[in-house]
Amino acid sequence: MRKPRPRDRPVKNRSSSDRGSDNSPTRILGVHNFFLKVVLPISVLTIAACLGYKGYNETRVNTPFSNSKLVEVSRLDKNDYYWGSYRSNMYFGMKTREPYSLVTGLMWYFSRTLQADGSGMRHWCTQNDRLEKYGWTKHDGKNFGIQEIIDNNVLITTSFVKDIHGSNGGDWTAKINATAIKSTSRNKEISLLFYTAIEDKTNGNINPIVDHSAEILKGVEGQTKDLGYFDLNFNVISSGEVDQSYLVTAAPNLGLLKETIFHHFKISKKANVEKIVLPGEALRLNNGKTLVPNFIVTQVTAELPVELEIRFERNSIASQKEKLTGKYYDTVLKNYENHFDTKFEDTFKLKTKGYNKTEVNFAKAAFSNMIGSIGYFYGSAQVKSVYTDLPVPYWKAPLFSAVPSRSFFPRGFLWDEGFHGLLLASWDLDLEMDIISHWFDLMNVEGWIPREMILGEEALAKVPQEFVTQVNTNANPPTFFLTLQYILSHKRSELMTKHLHLLEKLYPRLQAWFEWFNSTQKGEISGTYRWRGRNGETNRELNPKTLTSGLDDYPRASHPTVHERHVDLRCWMTLASSVMANLADILGKSTHKYENTFDYLSDNKHLNELHWSPTMSVYADYGLHTDKVRLERPKHASRQVQVSQDKVRVVLAEPEEKFVDTSFGYVSLFPFLLKIVDPDSYQLQKILQDIEKPELLWTNYGLRSLARSSPIYMKHNTEHDPPYWRGAIWMNLNYLTVAALQHYSKVEGPYQVEAGRIYTKLRNNLIKNVFYQQKKTNYLWENYGDKLGEGKGSHPFTGWTSLVVLLMSEQY
-16 MRKPRPRDRP
-6 VKNRSSSDRG
4 SDNSPTRILG
14 VHNFFLKVVL
24 PISVLTIAAC
34 LGYKGYNETR
44 VNTPFSNSKL
54 VEVSRLDKND
64 YYWGSYRSNM
74 YFGMKTREPY
84 SLVTGLMWYF
94 SRTLQADGSG
104 MRHWCTQNDR
114 LEKYGWTKHD
124 GKNFGIQEII
134 DNNVLITTSF
144 VKDIHGSNGG
154 DWTAKINATA
164 IKSTSRNKEI
174 SLLFYTAIED
184 KTNGNINPIV
194 DHSAEILKGV
204 EGQTKDLGYF
214 DLNFNVISSG
224 EVDQSYLVTA
234 APNLGLLKET
244 IFHHFKISKK
254 ANVEKIVLPG
264 EALRLNNGKT
274 LVPNFIVTQV
284 TAELPVELEI
294 RFERNSIASQ
304 KEKLTGKYYD
314 TVLKNYENHF
324 DTKFEDTFKL
334 KTKGYNKTEV
344 NFAKAAFSNM
354 IGSIGYFYGS
364 AQVKSVYTDL
374 PVPYWKAPLF
384 SAVPSRSFFP
394 RGFLWDEGFH
404 GLLLASWDLD
414 LEMDIISHWF
424 DLMNVEGWIP
434 REMILGEEAL
444 AKVPQEFVTQ
454 VNTNANPPTF
464 FLTLQYILSH
474 KRSELMTKHL
484 HLLEKLYPRL
494 QAWFEWFNST
504 QKGEISGTYR
514 WRGRNGETNR
524 ELNPKTLTSG
534 LDDYPRASHP
544 TVHERHVDLR
554 CWMTLASSVM
564 ANLADILGKS
574 THKYENTFDY
584 LSDNKHLNEL
594 HWSPTMSVYA
604 DYGLHTDKVR
614 LERPKHASRQ
624 VQVSQDKVRV
634 VLAEPEEKFV
644 DTSFGYVSLF
654 PFLLKIVDPD
664 SYQLQKILQD
674 IEKPELLWTN
684 YGLRSLARSS
694 PIYMKHNTEH
704 DPPYWRGAIW
714 MNLNYLTVAA
724 LQHYSKVEGP
734 YQVEAGRIYT
744 KLRNNLIKNV
754 FYQQKKTNYL
764 WENYGDKLGE
774 GKGSHPFTGW
784 TSLVVLLMSE
794 QY
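Each residue of the sequence shown is one higher than the one before, counting from -16 in the numbering used here.
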């Protein structure tokens, strides 16, 4: 018989003292009053609290960690670094470190190769232009830069020199020189276009300086709130005939400048020769409205050789110095070059190490392209959390950061920038501390920093929509702890002398970052961690990507679950706890928490219990996994024939909870890469043996990312996604490998000699191949092939591939 629920039980007989029957008016009134006075207010408060809590959580994703900004403390000298080649996506352009800056830029084309759709006209760096070469040969990040571009057998040299004085950066001059490389070159003529533009919110204006008798643009004058009044003057030097035209108009935005020019091109016939020219002023609309100019272009069409000189001068500061032009410009530029050469040798000591002139120049170019790729961006990222139905805008903020690739990735990437910082800090600690400050000013109140920052119209124009939104559960390797570890090892005295106050302000943000990782990325078992962001529902991917790890398609457990544990993330947290303990000690804070965390995570016995596969004797992830997967075209259910659809994953054997130990590669090396493995352990001995086996990771060009024995080696992840971290050679993790080998060759243990021997071989292989491929192709590459060592992926990739300079100088 069913046991009665409370409401089913009979009501006891009431005594005469009861206040009326259950349905008496007095009873009903009492209940009504109780509802009004107690139940209703509680319900209203509960609903309000729930809505308030939801609203609170909705806004946390785009609430800054603090309104106090680190960049106000780092204060990178506003004069020295105010102007620069901070338009990373451009072949050449100058701008200031202001949110809404006056910008200048270069375009060019050859009339015989210019197409009706605009292709053939150069502006933004793009691999589709198929240039034979472009990149900085020397750039010091502050005073000057020299770049060489080769396009259709024409050498275009761009250079700039800053005349720093007064406030806000003083003046600068740039030169664009174009010459034919071969006398037989089919291109006898070039059209150079140099423009000046401002955005709507720049709070200023620009106007043309026109020689109406000759119908040419002599320069631009204008003013902005930050610069005051200024002039840009143009000077053309050519031994042949020169045709000039200009355009004064209003462009929709900085992302459509090339299109705006192309829209205004017209054909002019002079002496039966057709020329492509610009129409002059184009400010009147069909409705009679007059536009305010925000985009002014001069076009110079001339026989080679030709040189265009641009001089920027601020009128608000009368300089008594000689004008930075002509031969004086050449003298100042040469002086800066000599200073750069001296500092480069003092910093990296490559001549002292025996490198020849060609090899040193290669290193100078690799370094210069890293520091010359630093950009200044401003805008609002797009972010999302589980509490927001749709993406919401982050707060508007600046970002001063190097970029991985000017052509393919001209924006800030969190895990790349930690590697960039190793090279930049070795050259200019002030510069690197300011970059770190900009990144940590992007931290929200949760302690999260978006892993990819796409700020401004030009940056957005380069990114597929699917990658724009950043999700606040998703991490990226905390490589700034690598940068800070490097600074503490190599620049500790300078850090303490010049940046101690900044470090004190940075420390709470580092604490929040560490806690964010420790809480949001923790695993189900104590001491384990798991990258969030894997798609466990997809049937399109052979092995669901782990973009958040930075190693994109590197094989993990085939069936993502909450029970996964990722060995690389545990190692990143081990490094982070070590650096945090060191920083706490420097700042006089309690080190207890971070030291305990480090002791716990670096304990090899515990590490081995969680991540050492006894079957394969390798470090590995753990999760629900099977190797028996493949991509197949779906078949029609009735006829069992293939239908025209994308391939899907077919699972041929049920997955099991186990180590993902058949895919040996970079992830397997992380306890070694971050120097956590005990120097006298069997695990170190086994790792040293494995990395030198050609059937696993070893090649004559560096360590491949995934062993040839892996079932996923060089497999497409989808029908359309070629392998990425599945066999190619990547410089950033090879750099960490070389650094680890040197470390183990110096600490006492039975494998010192072996580590030293492998260190020498691997370091030489990497340097030799990157140098050879650069000589062969004129570029550094995103990654390199494991069979022939050929450059692969995007180029130029002068982000972490530039770490070859630190390999040459043996700075780790």
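Even for Gly, the Cβ is constructed at its ideal location relative to N, Cα and C.
Straight-line measurement puts the Cα of Asn255 at about 45 Å from the Cα of Pro447. For Thr330, the secondary structure class from DSSP, reduced to helix, strand or coil, is helix.
Runs of the beta strand (DSSP E) spanning 3 or more residues and lying entirely within the segment 232 to 257 occur at 249 to 253, in chain order.
DSSP lists Thr281 as the beta-bridge partner residues of Tyr229.
Taking a C-beta distance under 8 Å as the contact criterion, Phe396 and Glu435 qualify as a contact pair. Looking only at Gly510, His546 and Lys481, the smallest Cα-Cα distance to Ser57 is reached by Lys481. In the DSSP annotation of this structure, the continuous segment of the alpha helix (DSSP H) that includes Trp496 starts and ends at Leu483 to Thr503.
With a contact defined as Cβ atoms closer than 8 Å, Thr682 and Ile712 qualify at about 7 Å. The closest CA to that of Leu724, considering only Asn427, Asn766 and Gln672, is found on Gln672. For Gly76 and Tyr117, the gap between their C-alpha atoms comes out near 14 Å. Rounded to the nearest whole angstrom, the C-alpha separation of Thr185 and Ala349 is 34 Å.
Counting along the chain, Pro381 sits inside no alpha helix (DSSP H); it lies in the beta strand (DSSP E) bounded by residues Ala380 to Ser384.
Going by DSSP, Glu578 is part of the alpha helix (DSSP H) stretching over His575 to Ser585. Under DSSP, Arg687 forms a beta bridge with Ile712.
Between the segment 174 to 194 and the segment 276 to 292 there are three or more C-beta pairs closer than 8 Å, enough to call the two in contact.
For the pair Lys367 and Pro376, the CB atoms are not nearer than the 8 Å cut-off. A residue is called buried once 16 or more other Cβ atoms fall within 10 Å of its Cβ, and Phe217 is buried on that count. Look at the segment 142 to 171 and you find no whole run of alpha helix (DSSP H) that is 4 residues long or longer. Annotation: Ser221 is outside any alpha helix (DSSP H); the continuous beta strand (DSSP E) that includes it extends over Gly211 to Ser221. Between the beta-carbon of Glu477 and that of Leu412 there is about 5 Å, and that keeps the pair under the 8 Å contact cut. Looking at the backbone, the Cα of Trp422 and that of Ile432 are separated by about 8 Å. Secondary structure at Gly309: helix, using DSSP grouped into helix, strand and coil. Taking the Cα positions, Ala408 is about 45 Å away from Arg632. Shortest Cα-Cα distance from Val612 to any of Glu678, Ser532 and Asn526 involves Asn526.
Within the same chain, Cβ atoms closer than 6 Å to the Cβ of Ile250 are found at Glu257, the five residues on either side in sequence being excluded.
Closest by C-alpha distance to Ile147, out of His122, Tyr65 and Ser84, is Tyr65.
Per DSSP, the beta bridge partners of Ser596 are Val601. Residue state for Gly533 is assigned as coil, using DSSP reduced to three classes.
DSSP assignment within the segment 313 to 366 yields the following whole alpha helix (DSSP H) runs of 4 residues or more, N-terminal first: 340 to 354.
Judged by beta-carbon spacing, Tyr577 lies within the 8 Å limit of Met563, meaning their Cβ atoms are closer than that value. For the options Trp514, Asp324, Glu305 and Glu675, the alpha carbon positioned closest to that of Glu737 is the one of Glu675. The three-state reading of DSSP puts Ser94 in coil, since its state is none of H, G, I, E or B. In this structure, the beta-carbon distance from Gly238 to Ala540 does not fall below 8 Å.
Taking a 10 Å sphere around the C-beta of Glu429, we find 16 or more other C-beta atoms and assign the residue as buried.
Looking at Asp769, Gln668, Gln666 and Pro381, the one whose alpha-carbon comes closest to that of Tyr696 is Asp769. According to the DSSP secondary-structure assignment, Val633 is paired through a beta bridge with Arg613.
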